[in-house]
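Residue numbers (the numbering used here): 22 to 131.
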């Protein structure tokens, strides 16, 4: 899995970049078909210094995305990973049910 971290409107500190990479690496534990993860960290100065974390995870056939805002980058990163994790579990369940249905129809024909 390839992990890419981009920062917009500021220069991200190395500890934040490493934290985002570690958080994205945890997703590989739940599904090993992840092709790449793109983290986009945005700092919105005029609006009470909101920190936005956008996560795009490319899996076979689709892209899972989440955008979260908070007052702290680690909190935003964690929330974005949690949202994508829910989407990833649904995607995985959908794939499994499709495979089971194919097996049932193949055995019924034989």
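Where is the CB? At the ideal position from N, CA and C, for every residue including glycine. Since the structure is predicted, the reported quantities are computational estimates derived from the model, not experimental observations.
Got a sec, what are the start and stop residues for the alpha helix (DSSP H) residue i sits in?
i: residue 32; result: Here residue 32 belongs to no alpha helix (DSSP H), and DSSP marks it neither H nor E.
Give the DSSP bridge partners of residue i, in chain order.
i: residue 91; result: 72
i: residue 59; result: 25 and 77
i: residue 103; result: BP columns for residue 103 are empty, so no partner.
i: residue 85; result: 78
Please classify residue i: is it buried, with 16 or more other beta-carbons within 10 angstroms of its beta-carbon, or exposed?
i: residue 110; result: exposed
i: residue 31; result: exposed
i: residue 78; result: buried
i: residue 148; result: For residue 148 there is no data in the structure shown, the boundaries of the chain being 22 and 131.
Taking 8 Å as the threshold, find out whether the stretch 57-67 comes into contact with the stretch 24-43 through three or more Cβ pairs.
Yes, since at least three Cβ pairs between the stretch 57-67 and the stretch 24-43 fall closer than 8 Å, the two stretches touch.
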